[in-house]
Each structure stands twice: as C-alpha cells, then as structure tokens.
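238 is the number that UniProt numbering gives to position 238 of the sequence shown; each next residue is one higher, with no gaps.
The C-beta atom is built at its ideal place from N, Cα and C for all residues, glycine as well.
Here is the structure we will look at, set down as structure tokens.
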Amino acid sequence: MTSEVNGLDVEAQDSPRLQRLIKAAEDIKLAVRRQDGRETPVGERAMRTRRKLLDAAARLFTERGYLNTSLNDVAQEAGVSLPTIYQYFADRNDIVATLAADHALGMLRAGADDWEPTSGRLGLRRAIAALVTLYAESSPFFSLWEVASHVDERLADLRRDFEDQFRSGYARKIRRGIELGVIRSDLDPVEVARAMNLMVQSYCHDAFVVDARRGDPPPKPDDVIDLLTALWADAIMLREHSAIIPGTGR
Numbered sequence: 001m002t003s004e005v006n007g008l009d010v011e012a013q014d015s016p017r018l019q020r021l022i023k024a025a026e027d028i029k030l031a032v033r034r035q036d037g038r039e040t041p042v043g044e045r046a047m048r049t050r051r052k053l054l055d056a057a058a059r060l061f062t063e064r065g066y067l068n069t070s071l072n073d074v075a076q077e078a079g080v081s082l083p084t085i086y087q088y089f090a091d092r093n094d095i096v097a098t099l100a101a102d103h104a105l106g107m108l109r110a111g112a113d114d115w116e117p118t119s120g121r122l123g124l125r126r127a128i129a130a131l132v133t134l135y136a137e138s139s140p141f142f143s144l145w146e147v148a149s150h151v152d153e154r155l156a157d158l159r160r161d162f163e164d165q166f167r168s169g170y171a172r173k174i175r176r177g178i179e180l181g182v183i184r185s186d187l188d189p190v191e192v193a194r195a196m197n198l199m200v201q202s203y204c205h206d207a208f209v210v211d212a213r214r215g216d217p218p219p220k221p222d223d224v225i226d227l228l229t230a231l232w233a234d235a236i237m238l239r240e241h242s243a244i245i246p247g248t249g250r
C-alpha cells in the first residue's frame, strides 16, 4: 500500500519539480504575508483576507483579462486598501503564481497524472477524464495562465515544471507498460509521453479555452474524454493486462 503526503503518492514526490509545485500551493494554506521580502505565517483572520484577495483577483482576471487588471482594481474589488495587498503579495504576478500553483496541485490530486498501464482503457480514461474535467470547469484559469506565463519568468517556470511533471510521470508509466507487454514495444516512452500529453492538453486548450474566447459552445466533456482515450489507447496499442498470457508477454 502506498502512503501519501499532502494528498499525493509519496513515490511521485521524488521529483524536485513536484516538490516546488507543492511548496507553492502550500503557501496558500499557510497564508504567507510578504513584507519587506520576508515570509511570515499569519492567523486565521489574515488567511480569510488573503483568500478574499485571491478570489477577487480571479474574478477580475476572468472578466477583464490579466493585462487589463491592476492591483488597485483587485484592492477595490476586495474592499481593501492597496497597501493591504502588499502585505500578502509582492505584485500582481505573485497573485497569479499562487492561483496557478493551487490549480496545478489540484490537477495532480484529481488524478490527472495517476495512470497505471495495467488498468487498461478504463484506467486511462479515468486519468484523461480528470484532466479534461479540470479544463472544462476552469477554462478561464487556463486562459489566464497562458497569457501570464508569457510575461513573467516565474510563471513560465511554474508552467514548465507542471507540464514536465506530467510528461515524466507518463513516460515512466509507458515504460512500465512496455515491460509488462500491455503497450507496443517499438515506442520511445519519453517521446510518446511528450506527443500524447501535447495532444491532450492542446486539444483541451483549443476546445475549452480558445472556443470560449470566440463565444463558441464547448464540446461535451464526455465526448472529449472518449475521443482522447480512444486516440491514445489505439496509438500505443494498449492491451488489457488480463489478456496477457503469463510468461509470454502476449
């Protein structure tokens, strides 16, 4: 039985990238106050204020866009003074980084990278469903993250770490599937993981983020899940583990 820390598989936490994601998300829970470059844990009341600021910023970023929202706008929306914001966040990008880290960790906890190749198509579908559902339910956030990561290096690093975490995790699973005989053996696990993750994320981005900007109705999540599962499973020739004859790999 695998133990968990912070809601995540301990084995998966060997990745330094994942550790950084966890630390960034944990800052939200601890409500770190940033004053003069220092980080000081604060009490329950301050945590509520910080959460209110994050919620206000998320609303404005969604309604007006990241580039058209200032910290003063966030302060007015939250009903606080501008100096109050600086007690909790270094700048606007710091708010976005906090929101992004929270969503990234949420995706990991939702099981979007939790796929065991021996679970067959049903297990693959569950993993893809976790990712598709989050895109469908949080398209404004992903639109924000895309824009913000192009204007702030910290956010670009966070996004890259997040994507690399998924890619490396799937590469390990694909390699294991090849060893077990449930995935075709002529594939490079790293390159397959890169291609398949790009397929899923790019499709979801286009279907749920780009279409939303155009005002087009989004596709049904279940239809997207079924399509992506079929494309992925067929590409790697995923077999049910129960169909493998012991000792033969066939």
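Margin query: Between the alpha carbons of glutamate 116 and alanine 130, how many angstroms are there, rounded?
Written below: 14 Å
Is the CB-CB distance between threonine 49 and tyrosine 88 below 9 Å?
-> yes
Lysine 173 by DSSP, collapsed to three states: which one? helix
> To the nearest angstrom, how far is it from the Cα of isoleucine 178 to the Cα of aspartate 211?
Replying inline: 36 Å
Exercise. What is the C-beta distance between leucine 144 and phenylalanine 208, in whole angstroms, given that I count them as a contact (C-beta under 8 Å)?
Worked result: About 13 Å; that fails the 8 Å criterion.
_Quick check: the region 227 to 235 against the region 167 to 177, are at least 3 beta-carbon pairs closer than 8 Å?_
no
*Going by Cα to Cα distance, which pick from Arg154, Glu77, Ala233 and Arg160 is closest to aspartate 94?*
Arg154
- Around the Cβ of alanine 90, are there at least 16 other Cβ atoms within 10 angstroms (buried) or fewer (exposed)? exposed
- Query: Assuming histidine 241 and threonine 118 make a contact with CB atoms under 8 Å, what is their CB distance in whole Å?
  - Reply: 4 Å
| request: Provide the residue span of the alpha helix (DSSP H) that contains leucine 53, from first to last. | output: 44 to 64
Inset, instruction - Go to isoleucine 128, then tell me how far its alpha helix (DSSP H) extends in each direction, as first and last residue. - result: 120 to 137
Arginine 160: which of Leu198, Leu54 and Asp222 sits nearest, CA to CA? Leu198
* To do: Return the CA-CA distance between alanine 31 and aspartate 55, expressed in angstroms with no decimal places.
  => At alanine 31 the pLDDT is 48, less than 50, meaning the model places this residue with poor confidence; the figure from the coordinates comes in the next sentence. Cα to Cα, alanine 31 sits roughly 14 Å from aspartate 55.
Would you call the CB atoms of alanine 100 and glutamate 77 closer than 9 Å?
no
Assigned exposure category for methionine 196 - 16 Cβ within 10 Å defines buried = buried
Exercise. Would DSSP call isoleucine 183 helix, strand or coil?
Worked result: coil
- Helix, strand or coil: how does DSSP classify residue 251 here? In the structure displayed, the chain extends from 1 to 250; residue 251 sits before or after that span and is not available.
Is the separation between the beta-carbon of alanine 136 and that of valine 200 shorter than 9 Å? no
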